[in-house]
Amino acid sequence: KNEVEQSPQNLTAQEGEFITINCSYSVGISALHWLQQHPGGGIVSLFMLSSGKKKHGRLIATINIQEKHSSLHITASHPRDSAVYICAVRTGTASKLTFGTGTRLQVTL
Amino acid sequence: DGGITQSPKYLFRKEGQNVTLSCEQNLNHDAMYWYRQDPGQGLRLIYYSQIVNDFQKGDIAEGYSVSREKKESFPLTVTSAQKNPTAFYLCASSSYGTGYGYTFGSGTRLTVV
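Written out as structure tokens, the structure reads:
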């Protein structure tokens, strides 16, 4: 069993829909990252959080430390949101990350 | 603007040849990392370095080598000992000063024929 599990693996939505991507992890963590990978391959860091909730534009990330679960929400989705969204966790004092396998999102018109 | 530069974006090599992938950062980050990405799998750590002249093996270090002679640079050599080198390689950096916020490069897609 992977330490970081994401669901769903694939997601198709129509423009304007509210989207939720989930991430569950099995170890104690010091931080959780949400990343976005576009078709070209480069990765952009969206959020780093260790508690509560963060918001940036139409993106919202939440984390529940007790339940070892995080969600990434996209409000009013747009085709330019189409990408792979990756959850990653950092444990203890180490700086390296453990990654989930990603959620491929496609938003259609 | 600060960031990470990986080069080249695409690389083709013949089987049995060593190849070196470049990674340079101007963010003054202390730590640098190399990850490998294969279809359907999460990124896997190859090597990482938290300070100059020091580095540690990650989960899949066999067949790879690195050096960290300068803070800005962390090149990765894929040797002929790596059994399945065709993959997408990503370099990243982070700093304790940023709470270990990560910055990623744009990646190098290596194809060995």
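As they're listed, the protein sequences go chains A and B. When we follow this note's numbering, the leftmost residue of the first sequence carries the number -1, and every step to the right adds one. When we follow this note's numbering, the leftmost residue of the second sequence carries the number 213, and every step to the right adds one. The beta carbon of each residue, even a glycine, is placed where N, CA and C say it ideally should be. Predicted model only: the values in this text are computed from it and were never measured.
Mind checking who A:S68 pairs with in its DSSP beta bridge?
As a first step, residue 68 of chain A is located in the first sequence; it is residue number 70 there, counting from the start. Answer by DSSP bridge pairing, in chain order: A:C21, A:I61.
Applying the 10 Å Cβ sphere with the 16-neighbour rule, what's the burial state of B:T217?
To locate residue 217 of chain B, count along the second sequence from 1; it is residue 5. Its Cβ having fewer than 16 others within 10 Å, B:T217 is exposed.
How big is the Cα-Cα spacing for A:C85 and B:E281?
Within the first sequence, numbered from 1, the residue matching residue 85 of chain A stands at position 87. Within the second sequence, numbered from 1, the residue matching residue 281 of chain B stands at position 69. Approximately 31 angstroms between the Cα atoms of the pair.
Where the beta strand (DSSP E) through B:R280 begins and ends:
If you number the second sequence from 1, residue 280 of chain B lands on position 68. Counting along the chain, B:R280 falls outside any beta strand (DSSP E), and DSSP gives it neither H nor E.
Just the C-alpha distance for B:Q237 and A:N0, rounded to the nearest angstrom, thanks.
The count along the second sequence starts at 1 and reaches residue 237 of chain B at position 25. The count along the first sequence starts at 1 and reaches residue 0 of chain A at position 2. Distance between the alpha carbons of B:Q237 and A:N0 is about 31 angstroms.
Amino acids of chain A, ordered along the chain, whose beta-carbon sits closer than 7 angstroms to that of B:Q237
For this step, residue 237 of chain B is matched to residue 25 along the second sequence. Within 7 angstroms Cβ-Cβ: nothing; B:Q237 doesn't reach chain A, min ~14 angstroms.
Which stretch, first to last residue, makes up the beta strand (DSSP E) that contains B:Y301?
Residue mapping note: residue 301 of chain B aligns to position 89 of the second sequence, counting from 1. Here the beta strand (DSSP E) through B:Y301 covers 299 to 306.
With DSSP collapsed to three states, give me the class of A:R78.
Numbered from 1 along the first sequence, position 80 holds the residue referred to as residue 78 of chain A. A:R78: helix per DSSP, three-state reduction.
Between the alpha carbons of A:F16 and B:S318, how many angstroms are there, rounded?
One-based indexing of the first sequence puts residue 16 of chain A at position 18. One-based indexing of the second sequence puts residue 318 of chain B at position 106. For A:F16 and B:S318, the distance between alpha carbons rounds to 29 angstroms.
Can you look up B:A293 in the DSSP assignment and give me helix, strand or coil?
Mapped onto the second sequence, residue 293 of chain B falls at position 81. Here B:A293 sits in coil by DSSP.
Three-way DSSP call (helix, strand, coil) for A:T89 in this model:
The residue labelled residue 89 of chain A in the question sits at position 91 within the first sequence. Coil, per DSSP.
Strand pairing of A:H31, partner residues [DSSP]
Numbered from 1 along the first sequence, position 33 holds the residue referred to as residue 31 of chain A. Bridge partners of A:H31: A:M46, A:A86.
For B:Q249, which residues of its own chain have a beta-carbon under 7 angstroms away from its beta-carbon, when the five flanking residues on both sides are left out?
Start at 1 with the first residue of the second sequence, and residue 249 of chain B comes out as number 37. Result list for B:Q249: L255, A299, F300, L302, in chain order.
Own chain residues within Cβ distance below 6 angstroms of A:I58, not counting five before or after:
Along the first sequence, read from residue 1 onward, the residue named residue 58 of chain A stands at position 60. Correct list, in chain order: H71.
Got a sec? Which residues, its chain only, sit under 7 angstroms from B:A273 by beta carbon, not counting five neighbours each side?
The count along the second sequence starts at 1 and reaches residue 273 of chain B at position 61. Contacts found: I258, Y259.
Under 8 angstroms between C-beta atoms, does B:R280 make it to chain A?
If you number the second sequence from 1, residue 280 of chain B lands on position 68. Output row for B:R280: interface = no.
From the DSSP output, in three-state form, read off B:F224 for me.
By one-based count along the second sequence, residue 224 of chain B stands at place 12. Residue state, collapsed to three classes: strand.
Output yes if chain A places a C-beta closer than 8 angstroms to the C-beta of B:R248; else output no.
Counting from 1 along the second sequence, the entry for residue 248 of chain B is found at position 36. No, B:R248 lies away from the interface with chain A (no Cβ there is under 8 angstroms from its Cβ).
Contacting residues, own chain, Cβ-Cβ under 8 angstroms from A:V87 (five flanking each side not counted)
Against the first sequence, residue 87 of chain A aligns to sequence position 89. So the qualifying residues of the chain are E1, V2, Y23, V25, I27, A29, L30, H31, L95, T96.
Following the continuous beta strand (DSSP E) through B:I216, name the residue where it begins and the one where it ends.
Numbered from 1 along the second sequence, position 4 holds the residue referred to as residue 216 of chain B. That run of the beta strand (DSSP E) goes 216 to 219.
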